[in-house]
Structures are given as C-alpha cells and as structure tokens.
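Last residue of the sequence shown: 1107 (the working numbering), numbering continuous.
Glycine is no exception: its CB is placed at the ideal position from the N, C-alpha and C atoms.
First the structure, in the form of structure tokens, and then the observations on it.
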Amino acid sequence: MGAETLIALLIGAGALVAAVRLLLLRREWLAWGVAALSLASGLLLYLAIFPPRLPIGGEALLVATGEAPRNVRAGQGERLVALPEAPPVEGAERVPDLATALRRHGQVQRIRIFGRGLTERDRDYDAGIRANFTPMPTPRGLIRLDPPADTRAGSVFALAGEAAGLEGGAAELLDPAGRRVDARVIGAGGGFTLGGAARTPGLAQFTLRLRGRDKAIVSDTPVPLRTLPERPFRLLLIAAPSPEAKYLRRWAEDSGIALQSRIEAGGGINLGGDGVRLDAAALREADAVIIDDRLLAGLGSGARGALAQAVAGGLGVVVRMTSPATSGTRDTWRRLGLSVEGGSEIAPVALPPLATDADALAVRRGPGSDDVPDDINAIDDPAPDLGRWIIRTGPDFVPVVTDADGAMVSGWQQRQQGRFALWTVSNSFALVLNGQADRYEQWWSDTVSAISRPDSLFRPHVPALVQAGERMAICGIAASARVMAPDKSEVALAIDPDAGARGCAAYWPADPGVYTIAQAGSDSQQTYDFPVLAADALSPIRARETAEATARWAARQNDQAAIEMPQQRGPAWPYFLGWLLASAAVWAGERRLRARPAA
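And the structure:
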C-alpha cells in the first residue's frame, strides 16, 4: 500500500467518524450540514496534500490550410502558421510543410487545423502530439466520381458518382461533341450511375454535367475515357444447333471476332464447318470458349483435362446453361473450378429501360442502317420475356451482368490465371428478336471481355483521375521508362527500389494535357498515353477526400495508446484554501451546536 493510499484512508476514516459522531449526538438540520462539511473538509485536505495531475499543455500550433478563414488569430500560447495552399492569413508564418512547422516550434503540444485539411504531403508525417480538426461543410456539387474503366471499342462503359446538395437535380453525361448520352435524377442519397458506348479507339473526354432542381448548371466535370482498339479476338463456340448459337455466331461476326465454331447435331455431325478440336494446341490459340452445359458434360476426360489446364494458363470459358443443373452437372463444373449451388429453378429476368428517353437511346445506338433502321424498337416498346436459372454463389464469385433487380445473369470465378464463367439465361436470343440486339451484344460483350485471356498491351498502372500539380505513382514500368509532357519535354522516371517487382515511380505533372509514358520494348518502343486534368477540375471531390483523410490523420495522432502526454501535479493552494474555509465552518457549526440545548 502506497503512502498516498494510506493517507487517503486515514483522512477519509477521520472525516467519516466525525460526521457520524455529530449525527449520533444531534438529529437536526445543522448537524447534517456540519457532517457534510466535515466530509468535504477531509476531501479538500487530501487534494491539498496530493493535487490532481494535469497535462502539461505547452503551446498550440494553429495550422491554416486551403480555404482557411482569413480572420484566424493566435491567442496566448499559440503559434499561427500557414501551409502553401492556405490563403493569405494576417500574422501567419509561411511554412513549406507541417514537418517544418513542428521542427521550428518544438515546444508545441497541440495542433489545431483550420480550413479544408492537410494534403497528402503532410498526412504522411506523424506529429506525435494531439491534433484537432473540425471539417468545413461539404461543398455543393460533385463530391465523388468513379470514372469508367478502359473499354473496348463497341462496348458500353459506366461511371458512378455522388453529388451533395443537389437532391431533385440531374446528372447528365455529354459526349466529346457535347451531345447528351445519358441522364439520371439525383435522389436524396446523391448517388447516380451513367453509361454510354465507347466508339473510336484512343483517349476521349466526356463531360459530367450536374444541374440543380431549377435546371441551372452547377458544374461541368471532365471525365476521361480510354477506348482500347479492337484486336483479333479468338473465340471458340461449342454448341448444339439452336437460335442462341445462331445469334452468338452473328454477334461474333459483327463484332470482328475471329470465330471458330463446332455445332454438334449428334452422330458426329458438325454443322460449324471449322473442325474445332478441344486439345491443348487449339485452346492455346484461343482467348475464350463458349460451351453449352450439356456438351461440356459429354466431353471425354482428355478434353476436360485440356480445358482445365488451358484455363489455369489464362483461358476464359463461358458455360451456357440450357437446362436445369443437376448434382452431376455441378460436380463437373466444380472439378473445372466453378463452384455454385442451385440451378434447378427458373425466374424471370427484370429488364431495365433501354435508356432514359428516346434521345438518349438514339445517341447510344448511333446512326441506323438498311438492316437496322433507327426506328426499330422504340423506347416505349414492350420488353421480351426472359428466364434465368437461379444460382447460389459464394463470395469469390464475381457477377458481370445483372438484371434490373440485381439478380445475376452471368458471372465468373477465378481459377489460377484464367476464369470460368456461367451464363444463366437460356433464351437471351429473344432480345434480338424483339429489337434489343444492342442489349444482347452488350451482355455477351461484357461477359466475354470479363473472362478473356489478358492481352499483351503495354498498360502501366496510373491513377484514374490525375490533376496538374499533384503527385502521382506510375507502376508496371521498366527502368528505361520516361514521361513526355504535352510540351514535348521528357523526364526519366526513377524506379522506387522499395516497390519491388511492381516497378513504381513518382511523377508530378505540372500542366493539364495528355502525357505519354514510353519505354523500350522487346521489339519496339512501348507507349501509353494518360490525361492530366486542370488543377481545379475536381475541387469538391478533393475537398471531401482531404477532409476525410485529415480526420483520420488527427484520430491517429490522438490515439492514447501511442501518446503519453507529460503530466505534473496541479497547484495545491486552491484546495488548501478550501480546506481552511470548510474547517472554519465545521468549527463554527460545532460551537453553535454545543451552545444550543439538546432537543
């Protein structure tokens, strides 16, 4: 038992005995008051001997960041500094970064951050002292943007975003010519999804336009899209004679796919005319295979083994369901790397509208032709009835195509370097018969693209949205890589040795425009273009991201497990003075009680 605990027990016992003695002698209100003062006197005596420990405050560092109020003033014991992105603040000391400010003012024990928050430059630094940050209100406008992924020519792309303060307004997607491609009403949550068709290979800049409830334009945000060139895509189709096989062949031919088909009519009769063999040599040359479930079940062990080995090496396979899945069917799929349950019950497919209105549908489809006039299947025409087999999947199964209710139409599962996919709609050809060939083509294009063998294009990893003046990381490059700016100046990239096999380097684009990454290839120079947006193109998005990241940074600094604030005993005289006053009151009360006759 320590001295502090022992003294606390002695003082408490003495005060309690004195209070009980008074109450046993007298039962009137004055006795109760003197007893309470006796207990308070004991507590004050303990605090006078052992004052509470208080943290050593030191000085506070006021840090002005982007959009900080200009009227920030430093009080007593405070130092005011302004980071490079902060506006002019009277009396603030300009510093290049937070680390420099803390080195100059090593005595500070607290940080208070004003404005939008710390940039990535300063969030990499751990201050080791308490930090306080109150985010500014979320700016009105676009606060999140998920740009479209690289898309093959002729395929459909999608983007998602979130807007603040624009409930009841609209989000519109404009193509490079300024024509509206898609539009959505912004709901209470602010989220939206838009899409369009990728046409000409190369980089294109779409525009995301936000409108308020009054239809006034709030913002126009550039949205870069990379359309990949069509390449000779090699597809094997193994199917029985059916309308689905017919329209799959037509889709492949119209898409420029190098198709080889084997249409088995039974009895060894092949109506495809290509003499396709499912052996290692043929599968090595293919990018993807579409095969009916019944024909897959009828393959010999050699063909199944070759198919499984080819998928492990990078091939993609789509199994098209034509009948209910039995336990034997699922076992066959499982041995090939596709683990699902169910498949014996059918449900209707909920088809979303082709577009928001007739104008958006016309832009998405493009000009008509003699074979497909532009007035076929208008926006108000009824949708065909489709059915899908109900499949239960695990967490490692990735949906590709879903219907309007979110139910899976197709999806895939990884097997080493390749992917096995499952197509659950047996009569999707009805889309073509009902004038929705574009939806049919989109579904099959998305599915086959998701599982096809990876191409060998030089595609280093760069952030989806890059702004001028911001640091970016470029990965997947060789030591000879360099970047050419829009003004034709070149900068050699220095590979970070800590990045290991990823091959990453840092780069700071100074101006907006199209930059080119170049490096020596095995046969010729490899190049890759990427866009850089203007510094203020994504201001509301960056403001929100900065605030959220700064709040996490401040919480990390305040982690009590990592911080032990220096402490010392507080002043004793206030408690000593209180003890004297309480003791005097007890003495006076006891004298008065003695002078009064007992009741």
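Residues that DSSP places opposite residue i in a beta bridge
i, result
"PHE714", "VAL731"
"TRP1095", "Bridge partners of TRP1095: none, in fact."
"ASN640", "ARG620"
"PRO907", "GLY919"
"GLY649", "ALA672"
"THR901", "VAL848"
"ALA796", "LEU743, GLY824"
"GLN768", "LEU744"
"LEU804", "Per DSSP, none; premise fails for LEU804."
"LEU682", "ARG688, THR715"
"ILE777", "GLY774"
"VAL693", "ALA678"
"ASP654", "ALA668"
Buried or exposed by the 16-neighbour rule on C-beta atoms within 10 Å, applied to residue i
i, result
"GLY1111", "In the structure as shown, the chain begins at 509 and stops at 1107. Residue 1111 is therefore absent and cannot be evaluated."
"SER835", "exposed"
"GLN924", "exposed"
"ALA1069", "Caution applies to ALA1069, whose pLDDT of 41 falls short of 50 and renders its modelled position unreliable; the model cannot decide the point."
"ALA1096", "exposed"
"GLY926", "buried"
"ILE959", "buried"
"THR642", "exposed"
"GLY585", "exposed"
"ASP762", "exposed"
"ASN942", "buried"
"VAL917", "buried"
"GLY710", "exposed"
"ARG602", "exposed"
"THR701", "exposed"
"PRO1020", "buried"
"GLU628", "exposed"
"ILE982", "buried"
"PRO592", "exposed"
"PRO1017", "buried"
"ILE798", "buried"
"PRO655", "buried"
"ASP946", "buried"
"GLY636", "exposed"
"GLU772", "buried"
Member of the options whose CA lies at the smallest distance from the CA of residue i
i, options, result
"HIS969", "GLN1065, SER957, ALA1014, ASP839", "ALA1014"
"ARG688", "PRO856, ALA705, ALA753", "ALA705"
"GLN768", "LEU745, ASP787, ALA789, LEU786", "LEU745"
"ALA543", "ALA855, VAL528, GLN1034", "VAL528"
"ARG631", "GLY574, TRP1061, THR837", "TRP1061"
"TYR1083", "THR1054, GLU670, LEU555", "LEU555"
"VAL974", "PHE966, GLY703, ASP1037, ASP1004", "ASP1037"
"ALA696", "ASP690, LEU681, GLY676, GLY686", "GLY676"
"ARG770", "ARG758, ALA753, GLY764, TRP759", "ALA753"
"VAL616", "ARG624, VAL589, GLY895", "VAL589"
"ALA1045", "THR715, ASN1066, ALA987, ALA1063", "THR715"
"CYS1012", "ASP995, ALA986, SER1030, GLU998", "ALA986"
"TYR1123", "TRP1087, ALA1057, ALA1092, ALA1080", "Absent from the model: residue 1123. The displayed extent of the chain is 509 to 1107, so no value can be given."
"ARG758", "ILE777, SER957, PHE937, ALA511", "PHE937"
"LEU650", "THR659, VAL726, GLU598", "VAL726"
"SER852", "THR708, ARG896, PHE558", "ARG896"
"ALA790", "ALA814, PHE558, GLU949", "ALA814"
"PRO971", "LEU965, MET980, ASP963", "MET980"
"ASP913", "LEU939, SER953, VAL857, PRO892", "VAL857"
"GLU598", "VAL580, PRO647, ARG721, ALA539", "VAL580"
"ARG719", "ASP605, GLU680, GLY541, TRP931", "GLU680"
**Item:** 3 or more residues per run - each beta strand (DSSP E) lying fully within the region 968–1056
**Value:** 980–982, 990–992, 998–1000, 1013–1015, 1021–1028, 1033–1040
**Prompt:** Does the count of Cβ pairs from the region 1034–1045 and the region 612–625 closer than 8 Å reach three?
**Reply:** no
**Item:** Whole runs of the beta strand (DSSP E) within the region 513–588, excluding any shorter than 3 residues
**Value:** 561–563, 567–572
**Whole runs of the beta strand (DSSP E) within the region 921–957, excluding any shorter than 3 residues** = 926–931
**Prompt:** Hey, is the region 801–817 in contact with the region 906–915, meaning 3+ C-beta pairs nearer than 8 Å?
**Reply:** no
**Message:** Does the structure place the region 657–675 close enough to the region 720–737 that three or more beta carbon pairs sit under 8 Å?
**Reply:** yes
**Message:** Using 8 Å as the cut-off, can you tell me whether the region 604–616 makes contact with the region 565–574, which would need three or more C-beta pairs spanning the two stretches below that distance?
**Reply:** yes
**Message:** Quick check: the region 844–858 against the region 817–830, are at least 3 beta-carbon pairs closer than 8 Å?
**Reply:** yes
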